[in-house]
Amino acid sequence: MLTDRKVFLIGEAIEKIMSDVQSGNVERIPLIKASGRYLAEDIVANQDVPAFDRSLYDGYALMAQDTRTATKESPVVLEVIGHFGAGAVFQDEVKKYQAVRIMTGAEMPKSCNAIVMLEHVTELEIEDKHYIAIDKQIPVNEKVFKKGAEIIEGTLLVEKGAKITPGIVGLLATFGYNEVLVGVQPKVGVLATGSELLEVDEPLAPGKIRNSNSYMLMAQIEKVGAKPLYLGKLEDNLEKSYAAIQQALTQVDILITTGGVSVGDFDYLPEIYNRLGAKVLFNKIAMRPGSVTTVAKIGEQFLFGLSGNPSASYIGFELFVRPVLKTLLGNEQPYLMSHQAIITEDFRVPNAFTQLIRTKVKVEGTNLFVSSNGLNMSSSITSLVGADALVVLPPSDSGYVEGSAIDILLLSDEGQKNCYFTT
Ligand code: AMP
Ligand code: MG
3 MLTDRKVFLI GEAIEKIMSD VQSGNVERIP LIKASGRYLA EDIVANQDVP AFDRSLYDGY
63 ALMAQDTRTA TKESPVVLEV IGHFGAGAVF QDEVKKYQAV RIMTGAEMPK SCNAIVMLEH
123 VTELEIEDKH YIAIDKQIPV NEKVFKKGAE IIEGTLLVEK GAKITPGIVG LLATFGYNEV
183 LVGVQPKVGV LATGSELLEV DEPLAPGKIR NSNSYMLMAQ IEKVGAKPLY LGKLEDNLEK
243 SYAAIQQALT QVDILITTGG VSVGDFDYLP EIYNRLGAKV LFNKIAMRPG SVTTVAKIGE
303 QFLFGLSGNP SASYIGFELF VRPVLKTLLG NEQPYLMSHQ AIITEDFRVP NAFTQLIRTK
363 VKVEGTNLFV SSNGLNMSSS ITSLVGADAL VVLPPSDSGY VEGSAIDILL LSDEGQKNCY
423 FTT
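Here the sequence shown is numbered in our numbering, starting from 3 and rising by one per residue.
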């Protein structure tokens, strides 16, 4: 019975889940597959960038000292002795009062120490020879990107645990990482329960709804960087559900179910955990939506029993599943990032449990302002679309008034090391 359930604070529930979760196995994978994975090694510069002095523009490489007398009235004329582009190396000696036409990214010829841009010279042709006239002094290192100017060999570039973004992919390629060490992706099965559920492609029928949770959760799993596995849906039948869940557990590292964890006549998950010999960590949390969220373990294997209500299911994932997955993947900021914000409307309803409200965030000056993002019901799905954050409303007899400063949890990929919720 629900009334027999011990109510956990959100922080207590998270602490219980996270108490013995550690980063998982690692594997070496091709760089081309690394986007969205988590680094299992520090990335240290194994060379200078640039590795050689490079021209920053299309222009002429020259010796800056040759231009020191150049003025509008009396330009300096240099002989152009060659022409080359990026990727080539100019081998000939460049002597005093000589220049070489050079393109962006090309290595500076040995004795040259400055670039004058194409636009800033007058090109001359005299007796089949090329010259340039320069009417101003060019400083040493002008338009030259010096060796090591961006990064010096040995610099720590990205710390282990970072999610591999497109920028990091570029960086890894720059430093010659054809393969990269990353956290192994846990395989997370998603199984929906409920005799009312239809497949997405089925037409609506009386009393039925489409199984939206499974697809939403798989997208959340994928966003975190783990591997989702669609395991279908179950009708509310104890024997069939027990068998299916037993089977599912052999296929995945972690199993998420939705629905069936409450006290309704057809909520069979509590009995299934019992039959499986699973250790139920908690089955009641002082939060709305999702107070019936249940987490159980068989050995090291987690069974997340999320509420069937879409918003509750979504929030249950972000609060309880996400930190487990991120930690297993090797990320050290697994929790939703917290911030202070100002509410732009009243939330006057008294609440005995902490409420989590889907909101839009607006930045004005140095402040964040939040307003609710549609229907605030645990069954709502539309309020999840475009929601930037969850407003955390601690229990209160009177609710909260517009203009109050309140804490929010950002629903972005950014995370923080410590859980916002305390015990
Ligand atoms: P339950 O937790 O099984 O009592 O379900 C709570 C509510 O969520 C009910 O109204 C269900 O119809 C709905 N629900 C359950 N599973 C899903 C699902 N997979 N997708 C969308 N809604 C669901
Ligand atoms: Mg149900």
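Don't be surprised by glycine CBs; every beta carbon is placed ideally from N, CA and C.
**OP:** Answer yes or no: the CB of residue 261 versus the heavy atoms of ligand 2, is any distance below 8 Å?
**Re:** yes
Worksheet entry | N- and C-terminal bounds of the alpha helix (DSSP H) containing residue 80 | That residue, residue 80, is in no alpha helix (DSSP H); its beta strand (DSSP E) goes 78-86.
Worksheet item: Can you pull the DSSP bridge partners for residue 427?
Response: The chain is shown only over 3 to 425; residue 427 falls outside these bounds and no answer can be derived.
*asked:* The alpha helix (DSSP H) that contains residue 180, what's its start and end?
replied: Here residue 180 belongs to no alpha helix (DSSP H), and DSSP marks it neither H nor E.
Review point. In terms of DSSP beta bridges, what is residue 402 paired with?
Key: 349
Between residue 323 and the rest of its own chain, which residues show a CB-CB distance below 7 Å, the 5 nearest in sequence each way excluded? 258 and 306
*Supposed contact pair residue 395 and residue 411 - C-beta distance, whole angstroms, cut 8 Å*: Actually they do not touch by this definition, with Cβ atoms about 12 Å apart.
Handout entry: Euclidean distance between Cα positions of residue 27 and residue 178
Key = 24 Å
Original post:
So is residue 343 buried or exposed if we call it buried at 16+ other beta carbons inside 10 Å?
Top reply: buried
What does the Cβ neighbour count give for residue 157, buried or exposed, with the cut at 16 atoms within 10 Å? exposed
- Task: Determine the DSSP secondary structure at residue 209, reduced to helix, strand or coil.
- Result: coil
- For ligand 2, is there a heavy atom less than 8 Å away from the beta-carbon of residue 426? No statement about residue 426 is possible, as the shown extent of the chain runs from 3 to 425 and does not include it.
Inspect the beta-carbon positions of residue 134 and residue 80 and report whether they are closer than 9 Å. yes
Subject >> Cα-Cα separation, residue 30 to residue 182 >> reply: 5 Å
Next on the checklist: Could you check whether the stretch 30-47 touches the stretch 334-353, counting it as contact only if at least three pairs of C-beta atoms, one from each stretch, sit closer than 8 Å?
Outcome noted: no
message: Quick check on residue 325: buried or exposed, where buried means 16 or more other Cβ atoms within 10 Å of its Cβ?
response: buried
Item to check | residue 242 - containing alpha helix (DSSP H), residue span | outcome: 240-251
Terminal residues of the beta strand (DSSP E) in which residue 127 lies:
124-128
Between the Cα of residue 373 and those of 382, 383 and 388, spot the shortest distance and give me the residue it belongs to. 388
Given this structure, state the Cα-to-Cα distance separating residue 209 from residue 197, to the nearest angstrom.
10 Å
Segment limits, beta strand (DSSP E) that includes residue 119: 116-119
When 78, 186 and 108 are compared against residue 92, the one with the closest alpha-carbon:
108
- Backbone CA spacing between residue 3 and residue 162 [nearest angstrom]: Because the pLDDT at residue 3 is just 43, under 50, the model does not fix this residue reliably, and the point stays unresolved.
Next item on the list: Could you tell me which uninterrupted beta strand (DSSP E) segments, each at least 3 residues in length, are contained entirely in the stretch 18-68, listed from first to last along the chain?
Entry: 28-32 and 61-64
For the candidate residues 370, 269, 359 and 248, whose alpha-carbon lies nearest to that of residue 401? 359
Inset, instruction - Return the chain-ordered list of same chain residues with a C-beta closer than 8 Å to the C-beta of residue 98, the five sequence neighbours on each side being excluded. - result: 65 and 68
Subject >> Paired residues, beta bridge with residue 356 - DSSP >> reply: 289
Review point. Pick from 39, 397, 383 and 273: whose alpha carbon is nearest that of residue 351?
Key: 397
Open item on the list: Please tell me whether, using a cut-off of 8 Å, the distance from the CB of residue 242 to the nearest non-hydrogen atom of ligand 1 is below it.
Closed with: no
query: Whole-angstrom Cβ separation of residue 219 and residue 211, contact assumed at under 8 Å?
result: No, residue 219 and residue 211 are not in contact; Cβ-Cβ is about 16 Å, not under 8 Å.
- prompt: Taking contact to mean at least 3 C-beta pairs separated by less than 8 Å, is the stretch 138-145 in contact with the stretch 83-92?
  reply: no
Item to complete: Report all residues from its chain with a CB closer than 7 Å to the CB of residue 319; omit the five preceding and five following residues, and keep chain order.
Response: 219, 222 and 308
- Considering residue 277, what are the terminal residues of the alpha helix (DSSP H) in which it resides? 271-278
With three or more beta-carbon pairs closer than 8 Å as the criterion, would you say the stretch 225-241 touches the stretch 280-300?
no
Inset, instruction - Given a cut-off of 9 Å, decide if residue 354 and residue 246 are closer than it, judged by their beta-carbon atoms. - result: no
Between the alpha carbons of residue 141 and residue 117, how many angstroms are there, rounded? 9 Å
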